[in-house]
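Participant: The sequence shown runs 0 to 201 under numbering that gives the first Met the number 0.
The structure's right below; bear with me while I get my questions together.
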Amino acid sequence: MTGRRLLPAGDRSLLVELPDLPSDHRLHRAVVAAGFAEDVVPGERTLLLVGDRPERLAAALEALDAEPAGHDLAPPRTHEVRVRYDGPDLDDVAVACGFSVEEVVDTHTRTPWTVAFLGFRAGFPYLVGGDPRLHVERLPTPRPSVPAGSVALAAGYTGVYPAPSPGGWRIIGRTDTVLFDPTAVPPVLLAAGDVVRFRAVR
Numbered sequence: 000m001t002g003r004r005l006l007p008a009g010d011r012s013l014l015v016e017l018p019d020l021p022s023d024h025r026l027h028r029a030v031v032a033a034g035f036a037e038d039v040v041p042g043e044r045t046l047l048l049v050g051d052r053p054e055r056l057a058a059a060l061e062a063l064d065a066e067p068a069g070h071d072l073a074p075p076r077t078h079e080v081r082v083r084y085d086g087p088d089l090d091d092v093a094v095a096c097g098f099s100v101e102e103v104v105d106t107h108t109r110t111p112w113t114v115a116f117l118g119f120r121a122g123f124p125y126l127v128g129g130d131p132r133l134h135v136e137r138l139p140t141p142r143p144s145v146p147a148g149s150v151a152l153a154a155g156y157t158g159v160y161p162a163p164s165p166g167g168w169r170i171i172g173r174t175d176t177v178l179f180d181p182t183a184v185p186p187v188l189l190a191a192g193d194v195v196r197f198r199a200v201r
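Structure representation (structure tokens):
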């Protein structure tokens, strides 16, 4: 694959740098389907492969590249997340975007979002692909505690807090959707490449 750079990352992992997010997601699905890594951790333009010596992982990638195109890959999943748009920052987001509150809700729900990667804490999705007019900055001072299920915006991303935690994103609503359950298999609801559609509820 052109535009790809391989970097050893310890004794049993390899960091793959990729040119863009779609390339990252395609390779992620292909590696998971091939099953030669114990763990695959996607970033926005990186993929960390864990489970073998870096040179063996690199060789497995080369073998994967040599396979005929069109092998079966699991398609991205789509999730509906129902949101009550009553967050404490909703009015401020509307002012910052030059929208009414209703326009913020309509804009947030009209376009599907894609899970770029998971981070910050277990199950927290960084969602991209929404309307760029919803780009707002983080809060100047993070909140010491954000409730689980809070739906928030920051720096072009949408996120959903899977558990109570500190946080500096601007909260526009809340959902009852469970993103992380340590007793479930798998414990995390969303994966990189999944599509999320937000639906407003009362």
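For glycine and all other residues, C-beta sits at the position ideal for the given N, C-alpha and C.
For clarity, every value in this text was computed on a predicted model and none was experimentally measured.
#1: Identify which residue in Thr157, Gly148, Gly128 and Pro146 has its Cα closest to the Cα of arginine 137.
#2: Is serine 149 buried or exposed, if buried means 16 or more other CB atoms sit within 10 Å of its CB?
#3: In the DSSP output, what is valine 145 paired with across the bridge?
#4: Since arginine 81 and threonine 176 should fall inside the 8 Å C-beta cutoff, what is the C-beta to C-beta distance between them, to a whole number of angstroms?
#5: At the level of alpha carbons, what is the spacing between glutamate 46 and leucine 5?
#6: Ignoring anything shorter than 3 residues or poking outside the stretch 59-85, list the beta strand (DSSP E) runs there in chain order.
#7: Using the three-state DSSP reduction, which class does arginine 169 fall into: helix, strand or coil?
#8: Would you list the residues sitting across from glutamate 16 in a DSSP beta bridge?
#9: Could you tell me which residues DSSP pairs with valine 151 in its beta bridges?
Facilitator: Here's the rundown:
#1: For the purposes of this step, residue 137 is taken as residue 138 along the sequence shown, with counting starting at 1. The residue among Thr157, Gly148, Gly128 and Pro146 with its C-alpha nearest the C-alpha of arginine 137 is Thr157.
#2: Walking along the sequence shown from the start, residue 149 turns up at place 150. Label assigned to serine 149: buried.
#3: The residue you call residue 145 lines up with position 146 of the sequence shown. Bridge partners of valine 145: Ser164.
#4: As a first step, residue 81 is located in the sequence shown; it is residue number 82 there, counting from the start. As a first step, residue 176 is located in the sequence shown; it is residue number 177 there, counting from the start. With a Cβ gap of about 7 Å, arginine 81 and threonine 176 count as contacting.
#5: What you label residue 46 is simply residue 47 of the sequence shown in a count that begins at 1. What you label residue 5 is simply residue 6 of the sequence shown in a count that begins at 1. The residue you asked about is not glutamate; residue 46 is leucine in the sequence shown. Answer to the nearest angstrom: the Cα atoms are 10 Å apart.
#6: Runs of the beta strand (DSSP E) lying entirely within the stretch 59-85, each at least 3 residues long, are 77-82 in chain order.
#7: In the sequence shown, residue 169 corresponds to position 170, counting from 1. Note: arginine 169 maps to strand in three-state DSSP.
#8: By one-based count along the sequence shown, residue 16 stands at place 17. Its beta-bridge partners are Arg4 and Thr45.
#9: Within the sequence shown, residue 151 is the residue found at index 152, counting from 1. Per the sequence shown, the amino acid found at residue 151 is alanine instead of valine. Gly158 and Ile170, per the DSSP bridge assignment.
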